[in-house]
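Residue numbers (the numbering used here): 1305 to 1582.
C-beta atoms are modelled at their ideal positions from N, C-alpha and C, and glycine is treated no differently.
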Amino acid sequence: MTAPFGARLRAALDARGPLCAGVDPHSSLLTSWGLTDDVAGLERFAATVVEAFADRVAVLKPQSAFFERFGSRGIAVLERTIADARSAGALVVLDAKRGDIGSTVEAYAQAYLDSAAPLFADALTASPYLGYGSLEPLYATAEKHGAGVFVLAFTSNPEGGSVQRALTADGKTVGAAILEGAAARNAGLEPMGSIGAVVGATLAEVPFDLSALNGPILAPGLGAQGATPEDLRGLFGDALHNVVPAMSRELLRHGPHVAGLREAAARSIDACRTALAY
């Protein structure tokens, strides 16, 4: 049986260093790499990123939307990207931010978290804003197949605060209530649970004791969005060891050559190791 995602992620972070590399083939990046903004350019971009990172970075995070915009042929590239990255030893977090209720969430679970599915990834980002419990099929399927789920809690985009910091009937913020739900699911699991949270590295503070989550914390916002590895210390405190710093443009701007991408990743891993006291 596949080991739980939390245990596999802990091993990957310890072995390869704390970094999640984004795979974000947006139009302007393809152009800056000298690639065409079509499926051929997408395919070349994705293959280069996998070659550069997948045998040395702990986590790769393809953004599904940038593949979906090319239709079925783009999805086929995404399938290969996930499979090739996992074959090279990286864990793959598919950034798709899915969320719904009932049979629809069950279908998302089958699409992304069932190990027999073509788009199976080690973990999936998910939106819990139809209620934390609405994602139960994702949690259950992930547990069955050794996968994970990262729920959006306190994100780095400025618009997120109007929802995430709104107060519930018992006076908690919505984001904190989501983190409480994830913490309950992770309680007692070692080395950590498999239900993670997305918490932006650009934030000044979070109204929740993140050490209580006992799960991985995906922290986007480093680099182009303004956060630095040093900023992680003040925000995440006692939860530092479970933080997965995420970088995309800060790494990908060093393409299209594999050597440049690898050098950028190595520098970032070293900076994150120092910041997170590895």
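Bridge partners of A1531, per DSSP?
Per DSSP, L1526.
Enumerate in chain order the residues of its own chain whose CB-to-CB distance from A1307 is below 7 Å, with the five nearest sequence positions on each side excluded.
G1450.
How would you call R1312, buried or exposed, if buried means at least 16 neighbouring beta carbons within 10 angstroms?
It is buried - the Cβ of R1312 has at least 16 other Cβ atoms within 10 Å.
Could you check if D1513 is buried or exposed, using at least 16 other CB atoms within 10 Å of its CB as the buried criterion?
Exposed, since its Cβ has fewer than 16 Cβ neighbours within 10 Å.
What are the uninterrupted segments assigned as alpha helix (DSSP H) that are 4 or more residues long and contained completely in the stretch 1441-1473, given in chain order?
Whole alpha helix (DSSP H) segments, 4+ residues: 1465-1468.
From the DSSP output, read off the bridge partner residues of K1365.
Its beta-bridge partners are G1326.
Provide the residue span of the alpha helix (DSSP H) that contains V1562, from first to last.
Where V1562 is concerned, the enclosing alpha helix (DSSP H) stretches over V1562 to A1579.
Could you tell me the alpha carbon to alpha carbon distance between L1556 and L1565, rounded to whole angstroms?
Taking the straight line joining both Cα atoms gives about 7 Å.
Under 8 Å by Cβ, that's how I've got F1309 and A1446 pegged, so tell me the actual separation to the nearest angstrom.
Contact holds; Cβ gap of about 7 Å.
From R1356 to R1384, what distance separates their C-alpha atoms?
Going by the sequence as given, residue 1356 is Ala instead of Arg. For A1356 and R1384, the distance between alpha carbons rounds to 15 Å.
Enumerate in chain order the residues of its own chain whose CB-to-CB distance from I1482 is below 7 Å, with the five nearest sequence positions on each side excluded.
Once the five neighbours on either side are set aside, the close Cβ partners of I1482 are P1432, Y1436, V1455 and A1457.
Any idea if A1543 is buried or exposed, counting beta-carbon neighbours within 10 angstroms, 16 or more meaning buried?
Looking at its Cβ environment, which holds 16 or more other Cβ atoms inside 10 Å, A1543 is buried.
List the DSSP bridge partners of T1429.
Its beta-bridge partners are F1454.
Determine the contact status of A1413 and L1442, defining contact as a CB-CB distance below 8 Å.
Going by C-beta atoms, A1413 is nearer than 8 Å to L1442.
Please report how far the alpha carbon of D1474 lies from the alpha carbon of G1465, in whole angstroms.
Cα to Cα, D1474 sits roughly 18 Å from G1465.
Could you say if the stretch 1527-1543 and the stretch 1489-1499 meet the contact criterion of at least three C-beta pairs nearer than 8 Å?
Contact fails: fewer than three Cβ-Cβ distances are below 8 Å.
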